[in-house]
Amino acid sequence: MADQARRRKVEERIQNTVARLLERRIKDPRIGFTTITDCKVTGDLQHATVFYTVFGDEDERKKTARALNSAKGLIRSEVGKALGIRLTPTIEFALDALPEQAASFEEKLANALQSDQQLRGASQAASYAGEADPYRKPREKKVYEPESPVPTFTEFTLTEEDASSEEATVAVEEYLGSETGDLREDSGLES
1 MADQARRRKV
11 EERIQNTVAR
21 LLERRIKDPR
31 IGFTTITDCK
41 VTGDLQHATV
51 FYTVFGDEDE
61 RKKTARALNS
71 AKGLIRSEVG
81 KALGIRLTPT
91 IEFALDALPE
101 QAASFEEKLA
111 NALQSDQQLR
121 GASQAASYAG
131 EADPYRKPRE
141 KKVYEPESPV
151 PTFTEFTLTE
161 EDASSEEATV
171 AVEEYLGSET
181 GDLREDSGLE
191 S
């Protein structure tokens, strides 16, 4: 049993050799636009499966498969020369279904995208059957109310005539309240 690194090297060399042979040496007109996509080798390096794709319809694929099977002996001998190992692996060609699977996958993705867009359009125009959400209550807005009213400051400018007037003194006392005491006593004014 060969280790993984050796197996991988053998697979790559077989893939490159077969691709080069199809491009340069094999001149069969039945081989159309063929691409060698992959190669898998068994653990004992006795059997190799070469995967290929063909550009074209089903008829082109069948013609290419017949041409590759007819050239299998030449391809195996050239692979044996390129590998340089004791036993040359037998070669089998398999049509790679990757392009068809990729096309099918892309078609499924396009269908899923289209159905998602339809659902998105239907959900945007949808409305609730009853209330918007019976379990969710709107938040109550808390209004900030100060605990005690903040006094506002009003500037008084008194001239000498106003300071001696009885009305101005009474207005200032009413504004400041009884905590400040009697302004007449503080100002030295006599009534």
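When we follow UniProt numbering, the leftmost residue of the sequence shown carries the number 1, and every step to the right adds one.
We put the beta carbon where it would ideally sit given N, CA and C, even for glycine.
Keep in mind that this is a model prediction, so the values were computed, not measured.
In the DSSP assignment, threonine 37 falls within the unbroken beta strand (DSSP E) covering 33-41. A residue is called buried when at least 16 other Cβ atoms come within 10 angstroms of its Cβ; valine 18 meets this threshold and is buried.
Close CB contacts of threonine 53 within its chain, under the 8 Å cut and outside five residues either way in sequence, are with Thr34, Thr35, Thr37, Leu95, Asp96, Leu98, Pro99 (chain order). Three or more Cβ pairs closer than 8 Å define a contact, and the stretch 71-90 meets that threshold against the stretch 39-50.
Looking only at Glu174, Lys141, Glu11, Asp116, the smallest Cα-Cα distance to glycine 80 is reached by Glu11. For alanine 126, no beta strand (DSSP E) segment is defined, and its DSSP state is neither H nor E. For glycine 84, the closest alpha carbon among the candidates Glu167, Glu173, Ala5, Ile14 is that of Ile14.
For isoleucine 91, the enclosing beta strand (DSSP E) stretches over residues 90-95. When Gly43, Asp3, Arg76, Ile31 are compared, the shortest CA-CA separation from asparagine 16 is found for Arg76.
Using a Cβ distance threshold of 8 Å, glycine 32 and glutamate 58 do not count as a contacting pair. Judged by DSSP in its simplified three-state form, alanine 112 adopts helix. According to DSSP, residue pairing for threonine 53 in a beta bridge involves Thr35.
DSSP places alanine 103 in the helix class (H, G or I) of the three-state scheme. Under the DSSP assignment, arginine 6 falls in the alpha helix (DSSP H) whose first and last residues are 4-24.
Going by DSSP, isoleucine 75 is part of the alpha helix (DSSP H) stretching over 72-83.
Rounded to the nearest whole angstrom, the C-alpha separation of glutamate 107 and aspartate 116 is 14 Å.
Check the Cα spacing between arginine 25 and each of Gln114, Glu78, Ala126, Ala82: the tightest is with Glu78. By a beta-carbon distance limit of 8 Å, cysteine 39 contacts phenylalanine 51. Their separation comes to about 7 Å. It is roughly 14 Å from the alpha-carbon of alanine 71 to the alpha-carbon of arginine 20.
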